[in-house]
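Engineer: Following this message is one structure expressed as C-alpha cells.
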C-alpha cells in the first residue's frame, strides 16, 4: 500500500526514511514515526544525533578491523585479553555473537566478508593482508577460523589455512556438530556424520 | 539477550536508541544500525536530520488538530474538499486510513484520543471544545463519527451524539458489518446481528 495522502510533508519524509531500512515497511515506519512524535523533543533530537554521530565518527580498529570508537578498539586494547589467540570472523556481528558467549578471551580479526566468486569477492577484497601482518608482528600461537559452514565460508577457511600453515601457528576451527538441544532424528546427515567423526571425550557435566 | 559487550560505545548508543522504539528488539536494532553504517554519510545524516526536523517543526492544524507542516493542514486548506462534512477520528493514523480509502472528500477532526475512564482520559482531555467551535463557526451539515467499536469508542460516540444533537446537523457513524471477504461462519454474533439489523438495499456490483 502506498501512503500518498499524508497531510504533512515532514511526516511523509520521516516515514520514507524509516521505510528505507531493511525489513521495515510503510505501516511499521508510520508507527515508529508516530511513536517518536509522542516523545519529548529532547528524546527525538538525541535519537537523530546519536545515529548521525555513529556514522560520522565510527572507525575501524587498525589492528582487528572491527568497528571502534578509537584507532584501536576496546578488545584489542584490553590488557586482560590473550593476545596469542586470534579468532577470524566474517563481520562485526560475528564478533558480537562470539563475545556474547562469554567463552572467548582472545582477540579477533574481522575479514569484512568471505571469498565469494559469485559476488566478485576475492581474497584481496578482505583484510587478509592485515591478518598476515599481525601474524608476523605479534607472537600469535593460535588462529581460530570461525567462519560460516557454507561453501564460501569453507573456501575462505581453506584459503587461510593454505596461506598461513607455514607460519608455525596452530590453525583451528570452531567445533561443528549437533546443536545443544537438537534431536539426532532431525539432524542432517552431514552434521551428524561430522559430529561422529569428530567425537570428543565424554565429560560429565555434574562431575 | 543483553548486548553488553560492544567494542564501540557509539554503536552501543545507536543500538540502544533503536531498541527503545516499539516492537524493535536488540537484535533488530543491531541489524538496522549495521545497515546504516554501510550507507553513505549523507544518507545517514539525512535520516537523522529528517527525524529531528519532523519533531521540532511539526504542528497541529488549528482547525482539525491533525498533524501539519503549517498552521492549517493540507486537507483543511484544500478548496476542493467538502467543508460541510466533518469526520471525527481518534488519531492521526485514522486520518491516514480514511484518506487511503479514496472514498472521503470532506474534512476531519482529530480528537487526540477517546474517552477512557480506566486511563483517566475524560472529555476535557480531547479536542471536543475545538470541535464545538467549528460547528458554531462553519456551516457543517454532517458529523461522521468514525471511532473504534470498543467500549471506549462507543462511549465517546455517545458522548459526542448527546453533546451535538441539538446543533441541527446530521450525526452519522461509519457502517458496521461483516468485512469484505469474511465468511459468515466465522463472524462474531454481535457483528452479524448488527449487520442484519442495519441491512442496506442490494446494489449489484456489475450493473
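Chains as they are written, first to last, in this note's numbering: chain L, 1 to 207; chain R, 208 to 414. For glycine and all other residues, C-beta sits at the position ideal for the given N, C-alpha and C.
Please determine if the region 109-116 of chain L and the region 80-89 of chain L are in contact, where contact requires at least 3 C-beta pairs separated by less than 8 angstroms.
Structural biologist: With a cut-off of 8 angstroms, the region 80-89 of chain L and the region 109-116 of chain L count as touching, because enough Cβ pairs lie within range.
Engineer: Assuming residue 315 of chain R is part of the beta strand (DSSP E), what are its boundary residues?
Structural biologist: Start and end: 313-317.
Engineer: Once DSSP output is grouped into helix, strand and coil, what is the label at residue 375 of chain R?
Structural biologist: DSSP places residue 375 of chain R in coil when its eight states are reduced to three.
Engineer: Starting from the C-beta of residue 312 of chain R, find all residues in its chain whose C-beta is less than 6 angstroms away, skip the five residues before and the five after it, and write them out in chain order.
Structural biologist: Around residue 312 of chain R: 288 and 289.
Engineer: Do we get a CB-CB distance below 8 angstroms when we pair residue 198 of chain L with the residues of chain R?
Structural biologist: No, residue 198 of chain L lies away from the interface with chain R (no Cβ there is under 8 angstroms from its Cβ).
Engineer: Considering only the beta carbon of each residue, do residue 366 of chain R and residue 378 of chain R sit closer than 8 angstroms?
Structural biologist: No.
Engineer: Can you list, in chain order, the residues of its chain whose CB lies under 7 angstroms from that of residue 178 of chain L, leaving out five sequence neighbours each side?
Structural biologist: Result list for residue 178 of chain L: 184, 187, 191, 192 and 195, in chain order.
Engineer: Classify residue 17 of chain L as buried or exposed, calling it buried when 16 or more other Cβ atoms lie within 10 Å of its own Cβ.
Structural biologist: By the neighbour-count rule (16 or more Cβ atoms within 10 Å), residue 17 of chain L is buried.
Engineer: Report the residues of the region 233-245 of chain R with a CB closer than 8 angstroms to any CB of chain L, ordered along the chain.
Structural biologist: Result list: 235, 237, 238, 239, 240, 241, 242, 243 and 244.
Engineer: Buried or exposed for residue 1 of chain L, going by 16 or more other Cβ atoms inside 10 Å?
Structural biologist: Interpretation of residue 1 of chain L is limited by its pLDDT of 44, a score under 50 that renders its predicted location unreliable; the figure taken from the coordinates is listed afterwards. Burial call: exposed.
Engineer: Is the Cβ of residue 116 of chain L closer than 8 angstroms to any Cβ of chain R?
Structural biologist: Not closer than 8 angstroms to any Cβ of chain R, the Cβ of residue 116 of chain L fails to qualify, so no.
Engineer: Looking at the strands, I want to know which residues DSSP matches up with residue 82 of chain L.
Structural biologist: Residue 82 of chain L is bridged to L:106.
Engineer: How would you label residue 202 of chain L, buried or exposed, when you count the other beta carbons within 10 angstroms and need 16 or more for buried?
Structural biologist: Residue 202 of chain L comes out exposed.
Engineer: What do you reckon, are the CB atoms on residue 68 of chain L and residue 214 of chain R nearer than 8 angstroms?
Structural biologist: Yes.
Engineer: Assuming residue 169 of chain L and residue 143 of chain L form a contact by the criterion Cβ under 8 angstroms, report the distance between their Cβ atoms to the nearest whole angstrom.
Structural biologist: 6 angstroms between Cβ atoms; contact.
Engineer: If you scan the region 41-91 of chain L from start to end, which runs of the beta strand (DSSP E) of 3 or more residues do you find wholly inside it?
Structural biologist: With a minimum length of 3 residues, the continuous beta strand (DSSP E) runs that stay inside the region 41-91 of chain L are 82-89.
Engineer: Do residue 265 of chain R and residue 314 of chain R have their beta-carbon atoms positioned less than 8 angstroms apart in this structure?
Structural biologist: For residue 314 of chain R and residue 265 of chain R, no; Cβs fall outside 8 angstroms.
Engineer: Does DSSP put residue 12 of chain L in a helix, in a strand, or in coil?
Structural biologist: Looking at residue 12 of chain L - three-state DSSP - the assignment turns out to be helix.
Engineer: Could you check the C-alpha separation between residue 418 of chain R and residue 120 of chain L for me, to the nearest Å?
Structural biologist: Only positions 208 to 414 of chain R appear in the structure, and residue 418 of chain R is not among them; the question remains open.
Engineer: Relative to the C-alpha of residue 291 of chain R, which residue among R:268, R:387, R:229 and R:341 is closest?
Structural biologist: Closest by alpha carbon: R:341.
Engineer: For residue 56 of chain L versus residue 248 of chain R, is the C-beta distance shorter than 8 angstroms?
Structural biologist: Taking 8 angstroms as the Cβ cut-off, residue 56 of chain L and residue 248 of chain R qualify as a contacting pair.
Engineer: Would you identify the three-state DSSP class for residue 190 of chain L, choosing helix, strand or coil?
Structural biologist: Three-state result, residue 190 of chain L: helix.
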